[in-house]
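Asks: Shown below is the structure under consideration.
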Amino acid sequence: MITQPDPTETGALPIVIGCRVLGMRAGRLAAVAFICALVAGCSEGATGGSFGKGDAAGVPVPAKSNPAALVMYPKLLEAALPRGINMPRGLEERSTHSWDMSNPAICKSNGWRDEMCADAIAVAAGGATDYHTQNVIVQMVSFDDMAVAEGFFKGTGAEDELGVNPPGDAIDGYALPAGDNGWTGRGITVRQGSVIAKIEYAWTPGAKVPDRLMDITRMVVDRLEQAQAGKNPTASLR
């Protein structure tokens with residue numbers, strides 16, 4: 002069974018349900034606002050959709066503790082986000098955005114902890130939906146040092162929760178709290194190199210939808226690996 006991650010790793014306040022402690026993530030289900038990118042004022046500092054491999058000067062920069070991997074600045078991080086054409090059929094793309102850290106409040110409004118935003122160099126968010134029964138949100142935060150990202154998330158996912166040989170350098174699963182309209186779902190936090198990503202998959206009560214969470218997570222990790230290696234991120238579920 003997938004459980005909530007350790008609140009000390011996610012920054013979420015714990016609540017006790019029966020014998021389990023679940024970290025609540027208010028405002029991140031489909032029944033609530035999609036991401037801060039769609040809220041007035043949050044678009045400031047967002048980059049376009051072009052694929053840039055490097056910092057503001059356009060020069061590729063290796064991660065400090067992993068010279069073989071590029072640092073994921075905003076344009077490169079956004080390029081790693083899956084688009085609608087990469088998602089399973091039936092899901093359409095929602096807005097994709099990336100931000101530098103000129104306004105750290107955007108990082109926090111995307112659900113990342115204060116201390117993570119203090120060290121982050123970029124954040125990105127996107128997703129897909131069928132507008133009726135299912136919704137996917139993908140959020141990423143990037144650091145210039147893999148060791149820093151590892152310090153923020155080590156992952157405790159077990160084989161019985163996430164299967165044999167799950168993707169990423171570290172991974173953990175959690176249950177999403179029910180939304181106002183009864184939407185429910187599951188999420189996965191995964192680290193690949195110097196990037197931490199959250200993938201959340203929610204659906205309406207009683208909806209018969211395929212279990213696509215792990216497939217989408219694996220695609221996200223593959224796209225991050227490609228981008229960090231200086232390749233075009235092309236991994237797709239189509």
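FYI, the numbering for the sequence shown is 2 to 239, going by our numbering. Note that the Cβ used here is the ideal one computed from N, Cα and C, for glycine as well.
Just the Cα atoms here: how many angstroms apart are Lys155 and Phe144?
Replies: Walking along the sequence shown from the start, residue 155 turns up at place 154. Walking along the sequence shown from the start, residue 144 turns up at place 143. Going from the Cα of Lys155 to the Cα of Phe144 covers about 15 Å.
Asks: Can you give the beta carbon distance from Asp170 to Arg192, rounded, assuming they're within the 8 Å contact cut?
Replies: Counted from its first residue, the sequence shown places residue 170 at position 169. Counted from its first residue, the sequence shown places residue 192 at position 191. Confirmed, Cβ separation roughly 5 Å.
Asks: Measuring only the C-alpha atoms, how far is Met215 from Asn104?
Replies: The residue you call residue 215 lines up with position 214 of the sequence shown. The residue you call residue 104 lines up with position 103 of the sequence shown. One C-alpha to the other measures close to 32 Å.
Asks: Write down every uninterrupted run of the alpha helix (DSSP H) in the stretch 74–131 whose length is 4 residues or greater and which is fully enclosed by it, in chain order.
Replies: Taking only runs of at least 4 residues, the alpha helix (DSSP H) segments lying wholly in the stretch 74–131 are 75–81, 105–110 and 115–120.
Asks: What's the call for Pro1, buried or exposed, on a 16-neighbour Cβ count within 10 Å?
Replies: Because the chain is modelled from 2 through 239, residue 1 falls outside the range shown and cannot be assessed.
Asks: Taking the DSSP output, what are the residues bridged to Asp181?
Replies: As a first step, residue 181 is located in the sequence shown; it is residue number 180 there, counting from the start. DSSP lists no partner for Asp181.
Asks: Could you check where the beta strand (DSSP E) with Val1 kicks off and where it finishes?
Replies: The question about residue 1 has no answer here: the residues shown for the chain are numbered 2 through 239.
Asks: Report the partner residues of Leu163 according to the DSSP bridge assignment.
Replies: In the sequence shown, residue 163 corresponds to position 162, counting from 1. DSSP lists no partner for Leu163.
Asks: Gly194 CB to nearest chain C CB: under 7 Å?
Replies: In summary, chain C is missing from the structure at hand, where a single protein chain is found.
Asks: When DSSP labels each residue in this structure, what does Leu71 get in the three-state scheme?
Replies: What you label residue 71 is simply residue 70 of the sequence shown in a count that begins at 1. Strand, per DSSP.
Asks: Can you tell which of Leu71, Cys108 and Met220 has its C-alpha closest to the C-alpha of Met88?
Replies: Here residue 88 refers to the residue found at position 87 when the sequence shown is read from its first residue. If we check each option's Cα against that of Met88, Met220 comes out closest.
Asks: Return yes when the Cβ of Val72 is within less than 7 Å of the Cβ of Trp113, no when it is not.
Replies: As a first step, residue 113 is located in the sequence shown; it is residue number 112 there, counting from the start. As a first step, residue 72 is located in the sequence shown; it is residue number 71 there, counting from the start. Going by C-beta atoms, Trp113 is not nearer than 7 Å to Val72.
Asks: Rounded to whole angstroms, what's the CA-CA distance from Thr130 to Glu116? Just pull it up for me.
Replies: For this step, residue 130 is matched to residue 129 along the sequence shown. For this step, residue 116 is matched to residue 115 along the sequence shown. Those two C-alpha atoms are separated by around 31 Å.
Asks: Using the three-state DSSP reduction, which class does Gly186 fall into: helix, strand or coil?
Replies: Here residue 186 is taken as the residue at index 185 of the sequence shown, counted from 1. Reduced to three states, the DSSP call for Gly186 is strand.
Asks: Taking the continuous beta strand (DSSP E) assigned at Val1, which residues delimit it?
Replies: The chain is shown from 2 up to 239; residue 1 falls before or after that span and cannot be answered.
Asks: Considering only the alpha carbon of each residue, which of Ser237, Glu151, Gly186 and Pro178 lies closest to Ala198?
Replies: Your numbering for residue 198 matches position 197 in the sequence shown. Ranking the options by Cα distance to Ala198, first place goes to Glu151.
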